[in-house]
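What follows is a short report on a single structure.
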Amino acid sequence: MSGVIEVLGFTLGLSLALAILYRLLTDPQEMRRIKAEMKRLQDKSKKAQKAGNMEEVNAITGELLKQSQKQFSQNMKPMMASMLIFFVFLGWVGAQYSELVVNMPFYIPFIGSQTTWFVWYIIITLPSTFFFRKLLGVE
5 MSGVIEVLGF TLGLSLALAI LYRLLTDPQE MRRIKAEMKR LQDKSKKAQK AGNMEEVNAI
65 TGELLKQSQK QFSQNMKPMM ASMLIFFVFL GWVGAQYSEL VVNMPFYIPF IGSQTTWFVW
125 YIIITLPSTF FFRKLLGVE
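Last residue of the sequence shown: 143 (my numbering), numbering continuous.
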């Protein structure tokens with residue numbers, strides 16, 4: 005049971021560390037601005053499509069592509085850093101807990117009631133990452 009708790013602790017710590025990393029390496033205001041601009045352009049594109057103005061749709065599509073590239077570049081630095089941290093973590097935990105069997109308190113479809121440390125990691129990391137990103141205001 006202690007292995008299960010240890011993997012839980014490592015997973016929560018990693019999720020928090022990665023959320024902090026994203027918070028420090030991205031500009032949340034710029035991300036919000038880009039998202040708002042993309043939403044505005046999408047709405048404008050829908051109106052132009054309904055009006056049958058394909059020239060305007062093409063121009064808006066070009067602008068959407070530029071905004072998408074800005075968003076991608078904002079996410080690239082923290083993504084590369086987090087991948088490095090993740091793979092080091094994954095290798096270490098995999099070596100330490102390769103024999104760990106997690107007995108779930110309930111049956112999960114397609115997984116069952118027993119699982120490995122990696123599936124346990126995934127089950128914990130999805131909600132915890134969402135929680136920490138919302139808590140820190142990461143876009």
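Here a beta-carbon is modelled for each residue, glycine too, at the ideal position from N, C-alpha and C.
Would you tell me roughly how many angstroms separate the C-alpha atoms of residue i and residue j, rounded to the nearest one?
{"i": "residue 127", "j": "residue 60", "result": "45 Å"}
{"i": "residue 78", "j": "residue 56", "result": "34 Å"}
{"i": "residue 85", "j": "residue 93", "result": "12 Å"}
{"i": "residue 107", "j": "residue 16", "result": "19 Å"}
{"i": "residue 71", "j": "residue 10", "result": "41 Å"}
{"i": "residue 133", "j": "residue 87", "result": "14 Å"}
{"i": "residue 113", "j": "residue 101", "result": "24 Å"}
{"i": "residue 69", "j": "residue 138", "result": "27 Å"}
{"i": "residue 89", "j": "residue 140", "result": "19 Å"}
Would you decide whether residue i is buried or exposed? Buried here means 16 or more other CB atoms lie within 10 Å of its CB.
{"i": "residue 111", "result": "exposed"}
{"i": "residue 65", "result": "exposed"}
{"i": "residue 96", "result": "exposed"}
{"i": "residue 49", "result": "buried"}
{"i": "residue 33", "result": "exposed"}
{"i": "residue 131", "result": "exposed"}
{"i": "residue 45", "result": "buried"}
By the three-class DSSP mapping on this structure, what secondary structure does residue i have?
{"i": "residue 112", "result": "strand"}
{"i": "residue 142", "result": "coil"}
Just to confirm my understanding: we take residue i, look at its own chain, exclude 5 residues before and 5 after, and list those with CB closer than 8 Å. What are they?
{"i": "residue 75", "result": "35, 38, 39, 42"}
Residues in the same chain with beta-carbon distance under 6 Å from residue i, minus the five sequence neighbours each way, listed in chain order, please.
{"i": "residue 52", "result": "60, 61"}
{"i": "residue 104", "result": "7, 121"}
{"i": "residue 142", "result": "23, 26, 27"}
Output needed for residue i: all residues of its chain with C-beta closer than 7 Å, excluding positions within five of it in sequence on either side, in chain order.
{"i": "residue 136", "result": "19, 20, 23"}
{"i": "residue 115", "result": "123"}
{"i": "residue 82", "result": "25, 26, 29, 30"}
Sequence ranges, alpha helix (DSSP H) only - wholly within the stretch 12-76, length at least 4: When DSSP assignments are scanned along the stretch 12-76, the uninterrupted stretches of alpha helix (DSSP H) that are 4 or more residues long and fall wholly within it turn out to be 32-55.
Whole runs of the beta strand (DSSP E) within the stretch 78-122, excluding any shorter than 3 residues: 105-112, 116-120
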